[in-house]
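Engineer: The structure that follows is given in the form of C-alpha cells.
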Amino acid sequence: MPVRSLTEALPAGWTRGEISVLGLARSGRAAAELLRRAGADVYASDSGMGDAVDHAAAALRPLGVAVQTGGHDLVRIAASALVVASPGIPPEAPPLAAARDAGVPIVGELEVALHFLPHQRYVAITGTNGKTTTTAIAHQLLAGLGYDAVAAGNIGTPLAEVALREKQPDWIALETSSFQLHDTPSIAPTAGILTNLSANHLDRYEDVASYFGDKARLFRNATERSVWVSNADDPEVQRMVQGVRGMHLRFTTGAGAADAYFDRSRVQLVVLGSPLIDRNDLVLLGDHNVANALAAALAVMGADESHRTDDARARVADALRRFRALEHRIEPAGRYGDVEWINDSKSTNVASTLVALKGMQRPTVLLLGGRHKGEPYAALADELRRTVKLVVAYGEAAPLVEADLAGVVPLARVGSSFDEVLARAREAAKPGDAVLLSPACSSYDMFDNYEERGRTFKRLAAELGAGR
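Taking the numbering used here, I'd label the letters of the sequence shown as residues 697 to 1164.
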C-alpha cells in the first residue's frame, strides 16, 4: 500500500508550508522520510555531527529533504507549518523555544506516524519500568496468535518506519515513553498497559507530578471501547486510572483479587479466570517479569474476544513459554571462576535497580553510577544491606552515590574509566559472588546509550573472566 498523501493524512494547518524535523536519530530520519514521500517540503536538522548524523543526512538528501547538521536554523523553524521533535530534545532547547514563540505546533514522530495509520490496531505500553519487556512479550503473543505483528516505538523501531512499509501489520505492540506521550495528542490505542509508576527523569521534569502527568496522556482519548490494563499492586497507577473511560483489567503478583494474578500455591499464572501457564514454564527471572507477562497476556486477550477462545489461550500460553529475556535486562553475562556477571544496563532509575537487587541471591558487587537523573539513591539502602558487599560508584553521579549511601554498605569510588570500574569489581568479587551492573543512572557521561554500556560490560567481563 503506498504512503497516504499529505493532505489525506495530516490536518490542513500542518500542510500549509514546510515541516521541520528536529533530530536525525532513527525516529527523526524515519519521520522526515515519511513526510517527504507523502509530498511535504521537509527541513531536517540536528545539532550533532559524526558518522550517524552524516549517514542519516546522506539518506535523506536524495529524497529532496533539506538537511542541516551541526545546528538548527531558528528562523526557518519559526516559519514552519509544523515541527516534529525528537523525544530527546529538552523542551527549553532553542529550536523548540523558537517554534513555541512563533505559535508553530510541535508534535513527535509517533503523532505523525499515527496519522498515516488511521485504522491500525495497537497495544500501547507505558510505565516507569518494564515497558520494553512487556512490549516484547505482547508482540510475541500477537505473533503467536497468527497475526503479522510488529514491535515499535521506544523499543527501537520507529512507528514512522512501520508507516512506510508496503503492507501494514495486523497489530502493533507500541512502547511509549513519557517524552513521546507528551507530543502524541492523537494516541488512542485498542488496548493500553500502565506497568507501574515511580519517580524518574527528574533531570528533565520539574517534579514527579509533571512526569506522571505525561504518563497519564496515554488515556487522553479514552472511550467506552478502550481496554486498559493496570497494575493492581501500585497505588499511583490505580489513582491514575480511576475514572478513565473504558474496560479496566488489573493484574497482581500479590494477594489481592485481579483479572490476572500469580497463584503462588499452585505456582501458576492465572488470566481471566483460568490458569494460563505454570510459573516454571516462564523463562524469566523475578516477580517483576511475572507482572510483565500477566500484563501483556491480559492486554492481548482483553483486546479482542477472539483472543479468549480455548485455541487462542493455548497459542498465547505457547508463545509465553517460548519468550526469552531481552538483552541488558538482568541478563546473565557469564560465570567466571564461580563469579556470576549480570548485565542490567537498562536499569537507568532507582526503582529499576531496586527490582534487580530484590532478585539477587548471591553476595553482590553493585556497579552504580553514570549520569545522575535527579533521584536520591538512599531508597536502595535496605536492599543494599541485604545482599550487597560493595558498591562501586563511578561516573558523574559517583559523588552523589557516595553522599547518599555513606555508612550503608562499603563503597569504592572509581575514576573515569569503565575498565577501572570492572577491574575493581573483579578484585572484590570472590567465588560464589555476583557482579551486577544496574547503574540507576543514564549512560551519557561515558557511552552513547545503555546498549553500548551493556555490551562493554559483557566484553570486559569476558576478558577479565578469562584472566582469572
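Even for Gly, the Cβ is constructed at its ideal location relative to N, Cα and C. These numbers were taken from a predicted model, which means no experiment stands behind them.
Do the CB positions of Glu714 and Asp737 come within less than 8 Å of each other?
Structural biologist: yes
Engineer: Counting only runs that start and end within the stretch 805 to 879, where is the alpha helix (DSSP H) found for 4 or more residues in a row?
Structural biologist: 805 to 811, 827 to 840, 855 to 859, 874 to 878
Engineer: Between Gly1111, Val1046, Arg1011, Phe1114, which lies nearest to Asp1100 when the distance is taken from Cα to Cα?
Structural biologist: Val1046
Engineer: Answer with buried or exposed for Asp959, where buried requires no fewer than 16 other C-beta atoms within 10 angstroms of its C-beta.
Structural biologist: exposed
Engineer: Skipping 5 residues on each side, what residues in its chain have a beta carbon closer than 7 Å to that of Leu1107?
Structural biologist: Val1087, Ala1089, Glu1098, Leu1101
Engineer: So the alpha helix (DSSP H) Leu770 belongs to, where does it begin and stop?
Structural biologist: 770 to 774
Engineer: Do we get a CB-CB distance below 8 Å when we pair Val771 with the residues of chain B?
Structural biologist: Among the chains of the structure shown, chain B does not appear; only one protein chain is present.
Engineer: So His1024 and Gly823 are in contact, right, with Cβ under 8 Å, and what is the actual spacing, rounded?
Structural biologist: In fact, because the Cβ distance is near 17 Å, the residues do not count as touching under 8 Å.
Engineer: Report, in whole angstroms, the separation of the C-beta atoms of Val800 and Leu718, which I expect to be a contact under 8 Å.
Structural biologist: About 11 Å separates the two Cβ atoms, so there is no contact after all.
Engineer: Measuring alpha carbon to alpha carbon, tell me which of Asp750, Arg712, Leu837, Ser701 ends up nearest Arg732.
Structural biologist: Residue nearest to Arg732 within the set Asp750, Arg712, Leu837, Ser701 is Ser701 (criterion: CA-CA distance).
Engineer: Can Val749 and Leu720 be called in contact, C-beta distance under 8 Å?
Structural biologist: yes
Engineer: Is it the case that the Cβ atoms of Gly1172 and Ala928 are separated by a distance below 8 Å?
Structural biologist: Any question about residue 1172 goes unanswered here, given that the chain covers just 697 to 1164.
Engineer: In this structure, how does DSSP classify Gly998 when only helix, strand and coil are distinguished?
Structural biologist: Gly998 falls in the helix class under three-state DSSP.
Engineer: In the DSSP assignment, find the unbroken alpha helix (DSSP H) run with Met936 in it and report its ends.
Structural biologist: 931 to 937
Engineer: According to DSSP, simplified to helix, strand and coil, what is Thr948?
Structural biologist: strand
Engineer: With burial defined as no fewer than 16 other Cβ atoms inside 10 Å of the residue's Cβ, what is the status of Asn1039: buried or exposed?
Structural biologist: buried
Engineer: Helix or strand or just coil, what does DSSP make of Lys911?
Structural biologist: Per DSSP, reduced to three states, the secondary structure at Lys911 is helical.
Engineer: Taking all protein chains shown into account, do 16 or more other C-beta atoms lie within 10 angstroms of the C-beta of Arg946, making it buried, or fewer, making it exposed?
Structural biologist: buried
Engineer: DSSP three-state call for Arg733: helix, strand or coil?
Structural biologist: helix
Engineer: Can you find at least 3 beta carbon pairs, one from the stretch 759 to 767 and one from the stretch 832 to 849, that sit closer than 8 Å?
Structural biologist: no
Engineer: Could you round the C-beta distance between Val925 and Ile889 to whole angstroms and report it? I think they count as a contact, below 8 Å.
Structural biologist: 5 Å
Engineer: I'd like to confirm the pairing. Which residues does DSSP put opposite Leu1206 in its beta bridges?
Structural biologist: Outside the modelled stretch of the chain, which goes from 697 to 1164, sits residue 1206, for which no answer is possible.
Engineer: For the 8 Å Cβ check, are there 3 or more pairs between the stretch 810 to 826 and the stretch 984 to 1001?
Structural biologist: Contact between the stretch 810 to 826 and the stretch 984 to 1001 is present, because at least three Cβ pairs lie under 8 Å.
Engineer: The beta strand (DSSP E) spanning Val1232 covers which residue range?
Structural biologist: Given that the chain is displayed from residue 697 to residue 1164, the structure contains no residue 1232 and the question cannot be resolved.
Engineer: Apart from the five residues just before and just after Ser1134, which ones in its own chain have a Cβ nearer than 6 Å to its Cβ?
Structural biologist: Asp1040, Ser1043, Thr1049, Ala1052
Engineer: Taking 8 Å as the cut-off, decide whether the C-beta atoms of Ala1029 and Phe1153 are in contact.
Structural biologist: yes
Engineer: If you reduce the DSSP assignment to three classes, tell me which class Ala762 lands in.
Structural biologist: strand
Engineer: Thinking Ala859 and Leu730 are a contact (beta carbons under 8 Å), I'd like their distance in whole angstroms, please.
Structural biologist: 6 Å
Engineer: If distances are taken between C-alpha atoms only, which option among Glu1123, Gly709, Gly735, Thr831 comes closest to Leu1022?
Structural biologist: Thr831
Engineer: For Glu871, which residues in the same chain have their Cβ closer than 7 Å to its Cβ, ignoring the five residues on either side in sequence?
Structural biologist: Closer than 7 Å at Cβ, skipping near neighbours: Ile821, Lys827, Thr828, Thr831, Gly849, Asn850, Ile851.
Engineer: Within 10 Å of its beta-carbon, does Val803 have 16 or more other beta-carbons around it, so buried, or fewer, so exposed?
Structural biologist: buried
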